[in-house]
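Colleague: Chains as they are written, first to last, in this note's numbering: chain A, 1 to 560; chain X, 561 to 855; chain Z, 856 to 1229.
By construction, the Cβ of each residue, glycine as well, lies at the ideal position given by its N, Cα and C atoms.
All values reported here derive from a predicted model rather than from experimental measurement.
Take a look at this one; I'll ask things after.
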Amino acid sequence: MDEMGIVSRKDIVYHRRQCPFDFIRGFVYRLLPVRMIMKRLNDLEYLKLNKLQVLLYNLKLFFCAILPQFFKNIGLSILNFFKNCGLWVKNEVVDIVTTFTKGNWAVKLSFLFFGFGNFYYGQILRGILFLVFEIIFIGYMLIPSGGLYWLAKSNFLQTGKTVGTIQGRFEYNELYDTDVWVQGDDSVKVMLYALLTIIFIIAFIYTWRLQVKQCRICMDITAKGKKVKSGKDDMKSLLDDQFHKTLLSLPLFGIMAFTVLPIIYMVLVAFTSYDAAHDGYSNLFSWVGLEHFNELMDFGKGGLGLAFGEILSWTLMWAFFATFTNYFLGMFVAIMINKKGIKIKKFWRTVLVMTIAIPQFVSLLYVAKLFDSAGIIGKLLGQVPFVSEYLTSNNFISLWDSPIVAKVLVIIINIWVGIPYIMLMATGILMNIPQDLYESSRIDGASAWQQYSKITLPYMMFVMGPYLLTSFVGNLNNFNVIYLLTTGNPLNTDIGTAGGVSVGHTDLLITWLYKMTLNSPESKYYLASLIGILVFVVVAVLSLIVYNVMPSTRNEEDYG
Amino acid sequence: MMKTNHDNRIRKTGMGAKASRRLGNTIVYVILVLITAIWLFPFFGLVLESFRVETAMQQSYLWPKEFGWDNYIRLFKETDFMLWFKNTAIMGVATAVLQTFFVLSMSYVLSRLRFKGRKGLMNLMLILGMFPGFLTMILIYKVFTDLGLTMAMAPVGLIIVYCASSGMGYYVSKGFFDTIPKSLDEAARVDGATRWQVFYKVIMPLSKPIVIYTILMGFMAPWGDFMLASYIIHENSAGMNVAVGVFEWMSKTMVNENYTMFCAAGVVVALPVTLVFLMLQKYYVEGVTGGAVKG
Amino acid sequence: MATVKLTNVKKIYGKDTVAVQDFNLDIADKEFIVFVGPSGCGKSTTLRMIAGLEDISDGTVEIDGVVVNDLQPRDRNIAMVFQNYALYPHLTVFENMAFSLRLKKVPQDEVYERVTAAAEILGITEYLTRKPRALSGGQRQRVAIGRAMVRDSKVFLMDEPLSNLDAKLRNQMRAEIILLRQKIDTTFIYVTHDQTEAMTLGDRIVIMKDGFIQQVGTPTEVFDMPINLFVAEFIGAPKMNTFKTNLICEDGKYYVTPYGAKIEVTGKKGEMLREAGIKGGEILLGVRPEHMTLSTKDDPAAIPCKITVNEMMGSELHLHVVEDNGDKLIVRIPTVTLEDDQRKSLVFGNTIYVTFEGKVMHFFDAETEKNLLV
């Protein structure tokens, strides 16, 4: 995040000079009711302001300087990124060319034969590895049903063409005297193999570059009269200065294979027609380009746009309430437990920690039933005149049938689930607050309330700021609480079905995705992918803004 | 004269402070007792209802009219619960071992070793974390089906799913490693240790709390997971974990026959897990608080 | 036991943050070298480059004639004591000290012998079975030194080893390091920001600032002949007084004229000025506080000042005085030279007259701040 440029009150200078992103500033200006011209105050002038003026000044600063600066920085960093990429490519090309022209025959040959230079300079182990890699690669690409075969079959990203070329079909078979399924291509596999081939090609290019570079380094080292590293040195260094490679190899492989690859695959799926009807096996699916993105613009009943909008807004609302209710109440509970003079602190804490220990499907399913019409609490509440009137007038049987009540209930029950975590964290932080802060404030004449509001609260807010963001994102994807409590119900009749599944009032994007991809005849994988991408965009934008604008994610030394 | 006045005032406010604190504490105690009641009520109810014999349906009273072990007997004799429990326990142990290895490797490297691409790697994982991880299941399910790692073999598939990408959850343990002074590594290296020796002779012996925390987290994951498990298991009883298995009993059509049995299952699952958890509570708290403070 | 040679050593962080610039130094076998300078001057970075804990951006480091740039710390055969001790919390004192021997798979008998021998010298034998947590700061420091002692290392590196101790303990440990040095008899490189430590410990001192070496020399050399104003002010406490003044040459005799007084440059300094053939002009004059003396009003060489602070140090008195046009000076007077009533008059607000002799002066170029006589 550092590359985005750090914006703080101190180092914002409001430049009037033209920059490529001036239009954003202009845009912000037009948004404001009065065109405010920002005059930067120096520190002493700033200190002279009274509370109201400070507030106004900071607001002004936020809209006129911090926000535009933020957008400008993002723009600039994107620009810089491309610039650096260009620079990098240029440097690489220059380097490769000079390596070739200046290199001796061994280096030149290693442009064709992997590891040749390594052999020449006595790095047998590396040489063998490189050579084996090259042989495997060339072999894999060329053999029948190898890399090139899959790549050609996949019609990669060619809109309108199918993924895979041979459609499976029933054909009359004389032997069995009936129609028999003749297997064709499986689009899912074709696409996967094509993707793997592309990754393999990239790895090949990288390795080629790597070994050329190493040859050159070997040449330079030998020219200086030093010894190059032997295979034994390489093996040894894996436990020493290359230890990170040893430790990272397995975890990184796991992440590459089970997160990166599936995510790239998933993004690709959004550009295909992969769904239950076109599952790739019985029916090939095809590349459709940006077609599905248009579907999102459909705001009519059952339209994707409407469903996505509604679900997204509830998801955001849910995440907001779930995060902040937990945050404040959890902190409150922690402060109570840690209050001076309260006994058996450990007992109170343990009671709360029980909720973390017990698997959520047990506690949540049970609690959901408690609030049902037959449950104890549900029945009790149903007898309250005001509630029963509301239920009967709307033909609701249980509390869970009412959209509003259901929404409120999940938030309340989530408090029950979430407070213990926050309480534990807040306890840790409370214990970390230096006691001399309290002592000095007592000498300065602060009351208990003032101590709380001027020391405890700001300190906690500060330290837990970054956690709030994580927790917010976590709640956006909080599958367990919603699905185990309501499975997304009650049904939302305004939307009906969207993406092949019926949508409920308490459905989050993640539960909607879940229903959409669970192997039902209505599964629309492409849609799930599309929404996944949108969720990513939402989360990424939120995080970017929070990281850049929220002060507590930076300046961590302040409370050091 | 002045002096005594002053003393009096001190004594007065002192008394006032004491009294008001006593009042404050009383209020806090009342709230805490209330909270305890609210938090324990469901568990209390769960245990009570699991012993109810007179009807398997949900009732609007808590205290059973007739106590008995019927639900537990039915649970073990008539259902696949034992199998599910075994599946989950195996997954828990395997995940605990593998995940600990993955997470600790990743966090140790990111915290204590400096190498080219470290920042880039951390940014990559941050960005990957913003995708709804669930969507990776579209592909993983397909591949696992071909490899035969779904349905009855789901526990194996699930162990892979839980562990493979677990390196991305390095934050808490990295926060812990960050608190160990760097000069310890340096002293050891000057003393003649390779980085590997620094890792297992110096840092690991100091990291007991975080190792236990990571093991605990790994062990708990399969017990609570419903989303990924239900996807991979795909309604095959032989491969179910407890969450997926028991979830069915609570569906609208089956709840009337299975409600009390669900309660019994809940107790059987919750008991060992909770005991382990409460025993290691200290380490859990250390992990959670350490992670929060480090951000 | 080894020589250490640094040639054009450079350290650059990131793209262009230079921490150490063209560091050239030959350290003889068994020499005690001290790197000293204000924080951020690159002294620790240089030490860490010798240890192998930092990469060397440019130049070479040789230990015993072998270039060690690409060697891991463990292959350099060095021992190092860290500022915060860096004791392994999970090991006993014995195991802490034996750590490096264990890694080398030294047999137990020998480990025992060497560790107990070192512990004996350091007086920590009774703590050998304790964990570092149970030790006081001074004891921990000894363990850290002991850990470095048990190995037969070529070079002994110490990175501000005393700065975490309180003043009294620091003085004591300083003396012990001098004793230790006689016992271990190897090449020492010692980093500190404290000029007293540097002066008392070092055979030679390397004074650094902003990544550059300012001066290398014995304590006497750097004290008597500081190469520039920075070294002059850094070495010696309280720091040297400086005056912007004129150097006049009359009939082969040199005079300085601080604040209207006229003082002849006598002794060796005067001869050196003559030999160097310096014509005079505006210079920076430096006089150490202990070389200032009290004088009387009628002395033509006297400078009138007002006392602002009087610090009674016991054996001596530090007077902070201010000259008429606002310049601040410090005068250091041994208490034994003062009469009782004289001492009573040295209080805030009183005017006193100070002067100094010609032979104690230091002359610096007004612009380059370099010593005119070096």
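Going residue by residue through the segment 183-230 of chain A, where are the continuous beta strand (DSSP E) segments of at least 3 residues, counting only ones entirely within it?
Modeller: none
Colleague: Does DSSP put Phe937(Z) in a helix, a strand or coil?
Modeller: coil
Colleague: Measure from the C-beta of Leu409(A) to each C-beta in chain X and report whether the shortest distance is under 8 Å.
Modeller: no
Colleague: With a CB to CB cut of under 8 Å and the five nearest residues on each side skipped, what residues in its chain are close to Lys1123(Z)?
Modeller: Lys1214
Colleague: How would you list, in chain order, the residues of chain A whose beta-carbon sits under 8 Å from the beta-carbon of Met777(X)?
Modeller: Within chain A, no residue comes near Met777(X); the closest Cβ sits about 11 Å away, beyond 8 Å.
Colleague: Looking at C-alpha atoms only, which residue of Ser249(A), Ile199(A), Asp220(A) is the closest neighbour of Tyr121(A)?
Modeller: Asp220(A)
Colleague: Starting from Thr915(Z) and walking both ways along the beta strand (DSSP E), at which residues does that stretch end?
Modeller: For Thr915(Z), the enclosing beta strand (DSSP E) covers residues 913-918.
Colleague: Just to make sure I have the definition right: I need the residues of chain Z whose C-beta is within less than 7 Å of the C-beta of Val762(X). Which are they?
Modeller: Tyr943
Colleague: Is DSSP giving Tyr722(X) helix, strand or coil here?
Modeller: Tyr722(X) falls in the helix class under three-state DSSP.
Colleague: Identify, in the order they occur along the chain, each residue of the same chain with its Cβ nearer than 6 Å to the Cβ of Asn631(X), setting aside the five sequence neighbours on each side.
Modeller: Ser610, Thr820, Met821, Ala824
Colleague: Using a C-beta cutoff of 8 Å, does Trp512(A) count as contacting chain X?
Modeller: False, the Cβ-Cβ gap to chain X never drops below 8 Å.
Colleague: Just to check my reading of the structure: Gly1066(Z) and Gln938(Z) have Cβ atoms closer than 8 Å, yes? What is that Cβ distance to the nearest angstrom?
Modeller: No, Gly1066(Z) and Gln938(Z) are not in contact; Cβ-Cβ is about 20 Å, not under 8 Å.
Colleague: DSSP state of Asn80(A), grouped into three classes?
Modeller: helix
Colleague: I need the boundaries of the alpha helix (DSSP H) containing Gly139(A), first residue and last residue.
Modeller: 124-142
Colleague: How is Ile358(A) classed by DSSP in three states: helix, strand or coil?
Modeller: coil
Colleague: At the level of alpha carbons, what is the spacing between Pro715(X) and Asp436(A)?
Modeller: 53 Å
Colleague: Strictly by DSSP, which residues pair up with Tyr1045(Z)?
Modeller: Val889(Z), Met1013(Z)
Colleague: Under 8 Å between C-beta atoms, does Ile78(A) make it to chain X?
Modeller: no
Colleague: DSSP three-state label for Cys1160(Z), please.
Modeller: strand
Colleague: Please classify Arg442(A) as buried or exposed, where buried requires at least 16 neighbouring CB atoms within 10 angstroms.
Modeller: exposed
Colleague: For chain Z, check one thing: does any of its Cβ atoms lie closer than 8 Å to the Cβ of Pro765(X)?
Modeller: yes
Colleague: Note down, one range per segment and in chain order, each alpha helix (DSSP H) of at least 4 residues found wholly within the segment 723-797 of chain X.
Modeller: 731-738, 742-750, 768-784, 787-793
Colleague: Against Arg581(X), what residues of chain A qualify as contacts under a CB-to-CB distance less than 8 Å, listed in chain order?
Modeller: Lys340, Gly341
Colleague: In chain A, what lies closer than 8 Å to Gly784(X) by C-beta?
Modeller: Under the 8 Å cutoff, chain A gives Pro359, Gln360, Phe361, Asn480.
Colleague: Tell me whether the segment 706-724 of chain X and the segment 788-796 of chain X touch, counting them as touching only if at least three CB pairs, one residue from each stretch, are closer than 8 Å.
Modeller: yes
Colleague: Taking the alpha-carbon positions, what's the Leu534(A) to Gly280(A) distance?
Modeller: Their backbone Cα atoms lie some 24 Å apart in a straight line.
Colleague: Using a threshold of 8 Å, state whether the C-beta atoms of Tyr668(X) and Leu238(A) are closer than that.
Modeller: no
Colleague: Taking only beta-carbon positions, decide if Leu838(X) is within less than 8 Å of chain A.
Modeller: yes
Colleague: One question on the structure: do Thr511(A) and Phe479(A) come within less than 8 Å of each other, judged by their Cβ atoms?
Modeller: Yes, the pair counts as a contact, with Cβ atoms nearer than the cut-off.
Colleague: His1175(Z) by DSSP, collapsed to three states: which one?
Modeller: strand
Colleague: Taking just the CA atoms, how far does Ala781(X) sit from Phe116(A)?
Modeller: 49 Å
Colleague: In terms of residue numbering, what span does the beta strand (DSSP E) encompassing Thr1210(Z) cover?
Modeller: 1206-1211
Colleague: Take Met1080(Z) and list the residues in its own chain whose beta-carbon comes closer than 8 Å to its own, dropping the five residues that flank it on each side.
Modeller: Gly1072, Asn1226, Leu1228, Val1229
Colleague: Taking Ile933(Z) as the query, report the chain X residues whose CB atoms sit under 7 Å from its CB, ordered along the chain.
Modeller: Val750
Colleague: Just curious, the beta strand (DSSP E) that Leu509(A) is in, first and last residue?
Modeller: Run containing Leu509(A): none in the beta strand (DSSP E); it sits in the alpha helix (DSSP H), 509-517.
Colleague: Hey, is Lys702(X)'s beta-carbon within less than 8 Å of any beta-carbon in chain A?
Modeller: yes
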